[in-house]
Amino acid sequence: MPIYLPQATASTADSLTPRQIVAELDKFVVGQAQAKRAVAIALRNRMRRQKLPPELAEEVAPKNILMIGPTGVGKTEIARRLARLAQSPFIKVEASKFTEVGYVGRDVESMVRDLTELAVDMVRDERLVEVRERAKQNAEERVLDLLLPPIEPAGNSDEVNAAREQVRRTREKFREQLRDGQLDNRSLQIDVRDKSFPSFEVLAGSSVEEIDINVKDMLPGLFQGRSRKRSMPVPEALEYLVKEEEQKLVDMESVGRSAVERVEQAGIIFIDEIDKIAGHESKHGPDVSREGV
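Going from the sequence shown to our numbering is simple: count from 1 and add 3.
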């Protein structure tokens, strides 16, 4: 299943040496010095590869790492912590679920799809953090527009200027009350998009990986949702409008491109239980393998 890892601290893997990476892993995993050293060198080499000219980077292929050890010695935790340190998309899958496609198991390519979806979520969350303050400002202005609908004063220039100044002062007063929570007991009518989707059936025996058709592209009108008026308290309306503004400010095409690049350059797929499908043929009996690969 996909595992989302939060952002690392201020120190990034770009500036860490293998020795420093091992020191970070030592905080969470006891022992396993050889494994830590191997993954630290691999991570450092990957970062160095990204700094090479494109024509040279193509000649340097990242290497896979095979970790062998009993269950519970820290194989998964080392990979998980390494991904968090490098701010890389990371998923853990079980090899036994990806065998004999069409007979049992899933399509191996679904691992990359799951990793890409995870990377999209990671990049989108990062972009949302970047635009959050601007989104809050835009949402605040929309709430004030609902509380004080804009009007165009009439009269001579002096009267118009005086009226506009009065509206500005009133708006600033409402802004202070909004930030202080003095308007929390009031309600607003805002346009809310209905997110309900039409239901449809999938033929039995078909998996999600086998359906390579984007239904939303085929039927865009069904998934856009309809807007309807809804009354909600000011705090709830402000929170809804902030999220709506965040979605407007984030360019999903750019997010998709960055996510694909992150998967290509920094993605980590941890394949567990390889020993379950590559065990000794001469082994018999009901005993469960605890060797761990």
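We put the beta carbon where it would ideally sit given N, CA and C, even for glycine.
Valine 32, DSSP secondary structure in three states: Within the sequence shown, the letter at position 29 stands for residue 32. The answer is coil: DSSP assigns valine 32 none of H, G, I, E or B.
Can you list, in chain order, the residues of its chain whose CB lies under 6 Å from that of lysine 139, leaving out five sequence neighbours each side? Sequence index remark: in the sequence shown, residue 139 carries index 136 (1-based). Correct list, in chain order: Val245.
Mind checking whether valine 25 and leucine 118 have CB atoms under 8 Å apart? Here the question's residue 25 lines up with position 22 in the sequence shown. Here the question's residue 118 lines up with position 115 in the sequence shown. Cβ distance not < 8 Å, so valine 25 and leucine 118 don't count as in contact.
Cβ-based neighbour list, isoleucine 274, same chain, cut-off 7 Å, excluding 5 preceding and 5 following: Here the question's residue 274 lines up with position 271 in the sequence shown. Here isoleucine 274 has Val96 and Ala98 as same chain residues with Cβ atoms under 7 Å from its own Cβ, once five neighbours each way along the sequence are excluded.
Would you say the beta carbon of isoleucine 277 comes nearer than 7 Å to a heavy atom of the ligand COA? Absence of the ligand COA from the depicted structure is noted, as is the absence of any ligand whatsoever, leaving it without description.
Between threonine 20 and the rest of its own chain, which residues show a CB-CB distance below 6 Å, the 5 nearest in sequence each way excluded? On the sequence shown, residue 20 is found 17 positions in, with the first residue counted as 1. None.
Run through the region 88–145 for me and flag every whole beta strand (DSSP E) of 3 or more residues, listed as ranges in chain order. 93–97
Helix, strand or coil for aspartate 161, going by three-state DSSP, please let me know. Start at 1 with the first residue of the sequence shown, and residue 161 comes out as number 158. Three-state DSSP puts aspartate 161 in a helix.
What residues match up with phenylalanine 273 in a beta bridge as DSSP calls it? Looking up residue 273 in the sequence shown gives position 270. In DSSP, phenylalanine 273 forms a bridge with Lys95.
Pull the bridge partners of methionine 235 from the DSSP assignment, please. Walking along the sequence shown from the start, residue 235 turns up at place 232. Bridge partners of methionine 235: Leu191.
For leucine 186, which of Leu151, Ala165 and Val63 has the nearest alpha-carbon? For the purposes of this step, residue 186 is taken as the residue at position 183 of the sequence shown. Considering only alpha carbons, the answer is Leu151.
Between the beta-carbon of valine 32 and the beta-carbon of arginine 87, is there less than 8 Å? Looking up residue 32 in the sequence shown gives position 29. Looking up residue 87 in the sequence shown gives position 84. For valine 32 and arginine 87, no; Cβs fall outside 8 Å.
Helix, strand or coil for arginine 196? Go by DSSP, reduced to three states. Here residue 196 refers to the residue found at position 193 when the sequence shown is read from its first residue. When secondary structure is reduced to three states using DSSP, arginine 196 falls in the strand class.
Beta-carbon within less than 6 Å of arginine 135's beta-carbon, same chain only, minus the 5 sequence neighbours each way: which residues are those? Within the sequence shown, the letter at position 132 stands for residue 135. Answer for arginine 135: no residue qualifies.
What do you get for methionine 70, buried or exposed, if any count of 16 or more other CB atoms within 10 angstroms of its CB means buried? Translated into positions along the sequence shown, residue 70 becomes position 67. Classification for methionine 70: buried.
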